[in-house]
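Comments concern the structure below.
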Amino acid sequence: MRKHPTCGVPSRGLASAVGSRLLPVSLAVSLLGLAISACAAKQYTYNYAKEPDPRSREFVVGAADLLRVNVWGQQELSVDIAVRPDGKITLPLVGDVVAAGRTPSEIRDEVQSRLTAYVKSESAKVTVGVIEIRSYRFTVSGNVEKPGQYTAPSYLTVIEALSMAGGPNRFAQSEEVVILRDYGTKKYRKIPINYETLRLGTTPDMNIVIMPNDNIVVP
577 MRKHPTCGVP SRGLASAVGS RLLPVSLAVS LLGLAISACA AKQYTYNYAK EPDPRSREFV
637 VGAADLLRVN VWGQQELSVD IAVRPDGKIT LPLVGDVVAA GRTPSEIRDE VQSRLTAYVK
697 SESAKVTVGV IEIRSYRFTV SGNVEKPGQY TAPSYLTVIE ALSMAGGPNR FAQSEEVVIL
757 RDYGTKKYRK IPINYETLRL GTTPDMNIVI MPNDNIVVP
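For the sequence shown, position 4 (counting from the first letter as 1) is numbered 580 according to the numbering used here, and the numbering increases by one without interruption.
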């Protein structure tokens, strides 16, 4: 455990208050501990607000996701189908449709448009839904109880993702967690996270949404 200076915490004043019975001993000790923890916490100036929060937008389909394509009144054209590694699905009459990187609404619009060449327009009412999310994968590595790659049926925050991995272990430097994020350029951005202040609720802005292929590193 590393020791931190008290950053000017008025410990003498607290001690004096205890001596003069102005504060119960247990309360004074608690206040002193909180003050020391607050000033000793590792501070970061990263702008967490710029990171995306896809929970407010329609889900973007990825490879391996399981979709349900339903054509109204046309059972033989309705299928449950997984997105292939090449990002496509193959549908009756329509053929190959690019699904990865698109929302269910965008997939629906293309399928419906292409179906009109084969069936009456009033019979080509299409719905596309996600039955199971399989493309949302992230890695938790380093000093956690259960390091490894994880999947989830919906987007998770930092706290939720680390909880899946059992949280930092007793060897972890939990004030120096880093998220390695690839924006498609193969150059990873490092996002610093102080797990201790996040866990205590003093830095809620750090509790960003984990994106697909993120690597959470706990040193």
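Glycine is no exception: its CB is placed at the ideal position from the N, C-alpha and C atoms.
Quick check: what's the CA-CA separation for residue i versus residue j?
i	j	result
A614	R765	Here the model assigns A614 a pLDDT of 48, short of 50, so the residue's position is not dependable, and the following value carries that caveat. Cα to Cα, A614 sits roughly 28 angstroms from R765.
A748	V794	6 angstroms
D798	E708	Here the chain has residues from 577 to 795 only, and residue 798 is not among them.
K722	P768	21 angstroms
K696	E652	15 angstroms
K618	E751	6 angstroms
P780	P788	21 angstroms
E668	R690	A small correction: the amino acid at residue 668 is Pro; Glu does not occupy that position in the sequence shown. Roughly 11 angstroms between the two C-alpha positions.
I786	F714	8 angstroms
T733	V637	19 angstroms
E627	A675	25 angstroms
P729	N783	19 angstroms
E633	S681	The amino acid occupying residue 633 in the given sequence is Arg; Glu does not appear at that position. Distance between the alpha carbons of R633 and S681: 12 angstroms.
Y519	Y620	The question about residue 519 has no answer, for the chain in this structure spans 577 to 795.
R660	G677	12 angstroms
Y622	R710	31 angstroms
G760	L738	24 angstroms
T778	G718	24 angstroms
Mind checking whether residue i and residue j have CB atoms under 8 angstroms apart?
i	j	result
P744	Y771	yes
P630	Y726	no
N646	V687	no
L643	G705	yes
V716	I792	yes
A741	V754	no
I683	V673	yes
A640	A658	yes
F635	T679	yes
R757	D790	yes
L774	I735	yes
G663	S699	no
Identify whether residue i lies in helix, strand or coil by the three-state DSSP scheme.
i	result
K766	strand
L669	coil
K696	coil
T779	coil
V647	strand
T703	strand
M787	coil
V637	coil
Determine the extent of the beta strand (DSSP E) in which residue i is found, giving its start and end residues.
i	result
I657	655-658
V793	791-794
Closer than 7 angstroms: is that where the CB of residue i sits relative to any heavy atom of the ligand FMN?
i	result
A676	What this structure holds is no ligand at all, so the ligand FMN is not there to describe.
Since residue i is in the alpha helix (DSSP H), which residue starts that stretch and which ends it?
i	result
R631	Taken as a continuous stretch (DSSP letters only), R631 belongs to no alpha helix (DSSP H), as it is neither H nor E.
D685	680-691
| task | Please list the segments of the alpha helix (DSSP H) lying wholly inside the segment 708-762, counting only runs of 4 or more residues, in order along the chain. | result | 734-740
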